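**Student:** Before I ask anything, let me first share the structure, which is written out below as structure tokens.
There are 2 protein chains.
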Amino acid sequence: MGIRLGILGYGNLGRGVESAIKQNPDTELVAVFTRRKPSELKIQSQNIPVINIKDILDWKDKIDVLIICGGSATDLPEQTPKYAEFFNVIDSFDTHAKIPEHFNNVNNAAIKGNKTAIISVGWDPGMFSLNRMYANAILPDGKDYTFWGKGVSQGHSDAIRRIEGVADAKQYTIPVESALEKVRNGENPELTTRQKHTRECFVVLKEGADPNKVEHEIKTMPNYFDEYDTTVHFISQEELTQNHSEIPHGGFVLRTGKTGINKEHNHLIEYSLKLDSNPEFTSSVLVAYARAAFKLNMEGNFGCKTVFDIAPAYLSPKSGEYLRAHML
Amino acid sequence: MGIRLGILGYGNLGRGVESAIKQNPDTELVAVFTRRKPSELKIQSQNIPVINIKDILDWKDKIDVLIICGGSATDLPEQTPKYAEFFNVIDSFDTHAKIPEHFNNVNNAAIKGNKTAIISVGWDPGMFSLNRMYANAILPDGKDYTFWGKGVSQGHSDAIRRIEGVADAKQYTIPVESALEKVRNGENPELTTRQKHTRECFVVLKEGADPNKVEHEIKTMPNYFDEYDTTVHFISQEELTQNHSEIPHGGFVLRTGKTGINKEHNHLIEYSLKLDSNPEFTSSVLVAYARAAFKLNMEGNFGCKTVFDIAPAYLSPKSGEYLRAHML
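Right, dumping it as structure tokens:
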């Protein structure tokens, strides 16, 4: 029997976790929990029960780690602290500014229940954070850069869809290649928001909508688009469905730093991701950290953690001996 | 008072550690230990004692972590187990095949003395190993690639210098760009040794030496050069000194992997380093892990560790609160 995992929430992320579990033979899916009517939810796995969330506590001794796959805006701030008292939990909370508050809420609950929680797991926050942190510890005298994309921003796509006259839309965030090159060349540029990323939008109009008006509304939308160079393409629903249904993403974390008695040597540390499916990659990270949460809990290491607190070996199904012999 | 560090061995690596300590205000250098006559060793720091290695045990209560900066061939297999009983120690042992044996020797000594040791710290083994391990845990269905360079290989430079007729030499290991591109494009190539790296040699001949003979000897040298496409340039000592005195290095760790119910999505994780000074970068990693060794020892976590066993937050001088608020 493997590590018994439960999935709470069956959107893109929940489906990704379901699929990632199949790639990790030391884990197994035991139940999917949903706010929907279980009979109306069709999951990919055979013979795995779908349970209404109201009955979730009946499962507290049958699940080793609950992977909470809700959204950061309203689901996770409520769900993760609520269930961290009864389950070891993992979430991908990504509202950076609210992480300290979320951490404290989850920590209190986990401590109360002798459970282990790991929050803000994924790639940013997550793998990108780790790389920022490692690079800062190694090169204290340096400068950080993060670029995102090319990839689909769900938040920006949603913002366009809320504009009157828009039937559907997809927005791609694109890093500015020349800015990236300046960083890699050690020029330590000071980059404005506009100099780092551009935004490209594919928009399907409702019948009779005015494209000029929609384009103007997009390009001037505060926070989302006004500080960027934005390109808008109007296309048909067929074209959007055919060419823009995937959810790719990725990006780059760089740190440049100096060493030497006279700071005469420059160094560049670069980490990058190129992902065909943002939710499936995030899910793969969640499952690896679920393994870590299980092991930590078995050792009596309770409370809330982040990726910074987890020794890398906990993520692997391999033994210390194996890792030292084959991966070091 | 900061974390009190000692340096054992004052070559390129020892000098790098000395310089890195100056960049980390929570650490301080308290002594340099050498096999040489202390009066003959001139170090960069003012007012720091240089001590003969025979007196090192007098310092066991005055040093929090001893950073052992010897070579992997003969120094570290003897020194690290020997001193791990009396000091928390860090080394950069890089003979991959002998890591399990070295680990056991150091572990026994550290356990005996209630000390904490971290071995094989640097970038490969070290940061590259970490990235291989994280990427494998996240993408279990995938393929690993490591490329080194462009950079100076000390081992290969030494091998050339041992050839009769050679006065001096520097060898650069260079990754094959087209092979890297194939990996990045998700082609999952099977690459031979020759297809991954080329070798470029800058050689100063002794008077009267036959360049054809030397070039032939280099290119056919077993293990070092025979499996590579090698270029040999004969240059003057002045040119070698002027253009090839630095010790740059770097490289790339990549993992490509698939996710999805039908493995329909591809992902690329890439980590790369571009280092002006290989020993100074390695030293910077050593100092960050010295901080970790000190903290772990204070917590009563004894024995031998590798980078896989150390939670990232231990490397940072910042608090958990700070890291969560600013780097996650």
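Residue numbers (this note's numbering), protein chains in the order written: chain A, 242 to 569; chain B, 242 to 569. Note that beta-carbon positions come from the ideal geometry of N, C-alpha and C, so glycine has one too. For clarity, every value in this text was computed on a predicted model and none was experimentally measured.
Using a beta-carbon distance below 8 Å, is residue 377 of chain B in contact with chain A?
**Tutor:** Residue 377 of chain B counts as touching chain A.
**Student:** When you compare only the Cα positions, how much space is there between residue 452 of chain A and residue 470 of chain A?
**Tutor:** Going by the C-alpha atoms only, they are around 18 Å apart.
**Student:** Going along chain B, which residues have a C-beta under 8 Å from residue 265 of chain A?
**Tutor:** Near residue 265 of chain A (Cβ distances below 8 Å), the residues of chain B are 381.
**Student:** For residue 320 of chain A, count neighbouring Cβ atoms within 10 angstroms of its own Cβ and tell me buried if that reaches 16, exposed if not.
**Tutor:** When all chains shown are included, residue 320 of chain A counts as buried.
**Student:** In this structure, does DSSP put residue 466 of chain B in helix, strand or coil?
**Tutor:** Note: residue 466 of chain B maps to coil in three-state DSSP.
**Student:** Taking C-beta pairs closer than 7 Å, name the residues in chain A that residue 333 of chain B reaches, listed in chain order.
**Tutor:** Ordered by position in chain A, no residue passes the 7 Å Cβ test against residue 333 of chain B, which lies about 12 Å from the chain.
**Student:** Counting only runs that start and end within the stretch 279–342 of chain A, where is the beta strand (DSSP E) found for 3 or more residues in a row?
**Tutor:** Correct list: 291–293, 306–309, 329–332.
**Student:** With H, G and I counted as helix, E and B as strand and the rest as coil, what does DSSP make of residue 503 of chain B?
**Tutor:** Correct three-state label for residue 503 of chain B: coil.
**Student:** Since residue 514 of chain A meets chain B, which of its residues come closer than 9 Å, beta carbon to beta carbon?
**Tutor:** Result: 508, 509, 510, 511.
**Student:** In chain A, which residues lie with their C-beta within 7 Å of the C-beta of residue 277 of chain B?
**Tutor:** Residues of chain A passing the Cβ test: none, with the nearest at roughly 20 Å.
**Student:** Express the C-alpha separation of residue 542 of chain A and residue 551 of chain A in angstroms, rounding to a whole number.
**Tutor:** Computed Cα separation, rounded: 11 Å.
**Student:** Under the three-state reduction of DSSP, which class applies to residue 244 of chain B: helix, strand or coil?
**Tutor:** Of the three classes helix, strand and coil, the one that applies to residue 244 of chain B here is strand, per DSSP.
**Student:** Could you tell me whether the stretch 305–313 of chain B touches the stretch 248–261 of chain B, using the rule of 3 or more Cβ pairs below 8 Å?
**Tutor:** The stretch 305–313 of chain B, when compared against the stretch 248–261 of chain B, does touch it at the 8 Å Cβ threshold.
**Student:** Please report the straight-line C-alpha distance between residue 377 of chain B and residue 557 of chain A, rounded to a whole angstrom.
**Tutor:** One C-alpha to the other measures close to 8 Å.
**Student:** Can you check which of these residues, A:508, A:421, A:523, is closest to residue 510 of chain B by C-alpha distance?
**Tutor:** Comparing Cα positions, the closest option is A:523.
**Student:** With a CB to CB cut of under 7 Å and the five nearest residues on each side skipped, what residues in its chain are close to residue 353 of chain A?
**Tutor:** The residues are 326.
**Student:** Residue 472 of chain A and residue 441 of chain A look like a contact to me (Cβ under 8 Å); what is the Cβ gap, rounded to whole Å?
**Tutor:** Indeed they touch by this definition, with Cβ atoms about 5 Å apart.
**Student:** How would you list, in chain order, the residues of chain B whose beta-carbon sits under 8 Å from the beta-carbon of residue 341 of chain A?
**Tutor:** Chain B residues near residue 341 of chain A: 562, 565, 566.
**Student:** Does the beta carbon of residue 244 of chain B come closer than 8 Å to any beta carbon on chain A?
**Tutor:** Not closer than 8 Å to any Cβ of chain A, the Cβ of residue 244 of chain B fails to qualify, so no.
**Student:** Measure from the alpha carbon of residue 526 of chain A to the alpha carbon of each residue in A:410, A:367, A:427, then state which is nearest.
**Tutor:** The option with the nearest alpha carbon to residue 526 of chain A is A:367.
**Student:** Taking the alpha-carbon of residue 506 of chain B as reference, which of A:388, A:334, A:517, A:389 has the nearest alpha-carbon?
**Tutor:** It is A:517 whose Cα lies nearest to the Cα of residue 506 of chain B.
**Student:** Contact between the stretch 489–501 of chain B and the stretch 353–363 of chain A: three or more CB pairs below 8 Å?
**Tutor:** Result no; under three Cβ-Cβ pairs closer than 8 Å.
**Student:** Just reading off the alpha helix (DSSP H) that residue 415 of chain A is part of, what are its end residues?
**Tutor:** Looking at the DSSP string, residue 415 of chain A is not in any alpha helix (DSSP H); the run it does join, the beta strand (DSSP E), is 407–416.
**Student:** Quick check: the stretch 336–355 of chain B against the stretch 291–298 of chain B, are at least 3 beta-carbon pairs closer than 8 Å?
**Tutor:** No, they do not touch.
**Student:** Give the residues of chain B in contact with residue 502 of chain A, contact being defined as C-beta atoms less than 7 Å apart.
**Tutor:** The contacting residues are 260, 285.
**Student:** Using a beta-carbon distance cut-off of less than 9 Å, what residues from the stretch 306–331 of chain A approach chain B?
**Tutor:** Against chain B - using a Cβ distance shorter than 9 Å - the stretch 306–331 of chain A contributes no residues.
**Student:** Quick check on the burial criterion: 16 or more other C-beta atoms within 10 angstroms. Buried or exposed for residue 259 of chain A?
**Tutor:** When all chains shown are included, residue 259 of chain A counts as buried.
**Student:** I want to see whether chain B comes within less than 8 Å of residue 517 of chain A, judged by CB atoms only; does it?
**Tutor:** By this cut-off, residue 517 of chain A is an interface position.
**Student:** With DSSP run on the structure shown, which of helix, strand or coil describes residue 530 of chain A?
**Tutor:** Note: residue 530 of chain A maps to helix in three-state DSSP.
**Student:** Please give the ranges of any alpha helix (DSSP H) in the stretch 423–483 of chain B, keeping only runs that are unbroken, at least 4 residues long and fully inside the region.
**Tutor:** Those alpha helix (DSSP H) runs which fall completely within the stretch 423–483 of chain B and span 4+ residues are 434–437, 452–460.
**Student:** Any Cβ of chain B within less than 8 Å of the Cβ of residue 526 of chain A?
**Tutor:** Chain B, which has a Cβ nearer than 8 Å to the Cβ of residue 526 of chain A, makes this yes.
**Student:** Using only the alpha-carbon positions, how far apart do residue 315 of chain B and residue 448 of chain B sit?
**Tutor:** Rounded to the nearest angstrom, the two C-alpha atoms are 33 Å apart.
**Student:** Against chain D, which members of the stretch 464–477 of chain B pass a CB distance test of less than 8 Å?
**Tutor:** No chain D appears in this structure, whose protein chains are A and B.
**Student:** Just curious, the alpha helix (DSSP H) that residue 546 of chain A is in, first and last residue?
**Tutor:** Residue 546 of chain A -> not in any alpha helix (DSSP H); beta strand (DSSP E) instead, spanning 544–546.
**Student:** When we look at the beta-carbon of residue 298 of chain A and count the other beta-carbons within 10 Å, is it buried (16 or more) or exposed?
**Tutor:** Result: exposed.
**Student:** If the cut-off is 8 Å on Cβ atoms, which residues from the stretch 382–406 of chain A count as contacting chain B, listed in chain order?
**Tutor:** Cβ contacts with chain B come from 382.
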